[in-house]
Amino acid sequence: MREFVVLGTASQVPTRTRNHNGYVLYWDGEGLLFDPGEGTQRQMIQAGVSASQLTRICITHVHGDHCFGLPGVLSRMALDRVEHPIHLHYPASGEDMIRALVAVASPGIDLRLHPHGGAGPIAAGVEVRPLLHRIETYGYRVVEPEGRSLLPERLAAAGITGSDISLLRRDGSLGGVRLEDVSVPRPAQSFAFVMDTAPCDGAEELAEGVDLLVAESTFSDDDGALAAQYRHLTAGQAGALAATAEAGMLILTHFSSRYPDVGLLAEQARARSGGATVIAANDLDRVPFPKRQRWL
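UniProt numbering puts the first residue of the sequence shown at 1, with every later residue one more than the last.
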């Protein structure tokens with residue numbers, strides 16, 4: 001199953017309708033929790049996200065609205081007796097903050113710390129790129145392995161059925177029939193999480209060609225000077241990022257409390273988003289992962 005769950009959409013200041021950050025990506029057998037701000041544990045309950053479903057926690061940077069919910073989430077995992085390892089990824093420069101937050105959480109889980117200090121892969125199918133914010137910040141990209149889609153009519157013509165199909169997948173050939181003869185390339189699905197940043201190369205690299213891009217949209221285009229001052233994206237810049245990257249879907253989030261109605265931000269993003277579908281996220285939204293593109 002692949003699904004994106006929005007736990008919170010506020011930036012620095014929560015509102016009556018928007019909690020601090022928090023996002024869950026269900027990706028096959030993994031549950032990745034991104035940027036757990038204050039109140040994330042309660043939002044998980046509201047959204048029907050179980051602590052036992054989480055396998056990784058990915059923190060972009062150690063500003064409070066992106067990590068102060070960590071102790072509560074870890075404590076809930078201990079209370080629920082989560083037995084599998086929990087991998088915690090974060091910028092190496094935030095080590096002291098992360099260890100302080102971990103120290104006040106209830107013990108009892110197999111928590112594995114993975115600081116990173118540069119661009120590149122950090123786990124199977126997960127990689128990071130540096131962003132441009134006021135402190136060290138990284139965005140995340142999740143990509144499935146490249147694969148091939150079998151074509152039933154070609155399999156039948158080659159006389160390959162039943163368990164022989166699995167053997168063909170495993171070995172790459174069977175009885176003179178190659179996997180390439182009975183299949184076509186399957187486009188790899190991908191996801192990018194781009195939080196607090198000014199426009200930068202790292203954001204573009206993360207977003208390139210993804211099916212689903214989650215990007216901050218802290219400010220309206222009308223407040224571009226503030227966005228530049230605090231190194232955030234405007235809605236239009238988020239839309240332009242999606243267009244340049246040729247992303248399939250853009251989810252806007254991390255809204256400043258100065259915008260009680262984010263409809264304007266969604267319009268500004270759509271005006272520059274190219275062919276991307278644009279969604280302005282609300283707390284507790286559940287977004288099915290976009291359908292796979294047709295094979296090449």
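Virtual Cβ for every residue (Gly too), placed ideally from N, Cα, C.
Fair warning: this is a prediction, and the values are worked out from it, not measured in the lab.
- Per DSSP, the continuous alpha helix (DSSP H) segment holding T244 begins and ends at 235 to 245.
- By the criterion of a C-beta distance shorter than 6 angstroms, G248 is surrounded in its chain by D211, P290, once the five residues flanking it on both sides are discounted.
- Our two residues, V128 and G118, have alpha carbons roughly 8 angstroms apart in a direct line.
- Remark: three or more beta-carbon pairs, one from each stretch, lie closer than 8 angstroms, so the stretch 45 to 52 and the stretch 67 to 84 are flagged as touching.
- Excluding the 5 residues flanking it on each side, S217 has same chain C-beta neighbours closer than 8 angstroms at L233, T234, A235, A238, L252, T253, H254, F255, V262, L265, A269, A280, in chain order.
- Q229 sits exposed, since fewer than 16 C-beta atoms from the chains shown fall within 10 Å of its C-beta.
- Residue L284 holds the alpha-carbon nearest to the alpha-carbon of Q41 among L284, H89, R292.
- Rounded to whole angstroms, the separation of the alpha carbons of L33 and P14 is 19 angstroms.
- Under the 10 Å beta carbon count, D196 is surrounded by 16 or more other beta carbons and is classified as buried.
- Contact between the stretch 174 to 193 and the stretch 100 to 110 is absent: fewer than 3 CB-CB pairs across the two stretches fall below 8 angstroms.
- DSSP places I160 in the coil class of the three-state scheme, outside both helix and strand.
- For A276, there is no enclosing alpha helix (DSSP H), as DSSP gives it neither H nor E.
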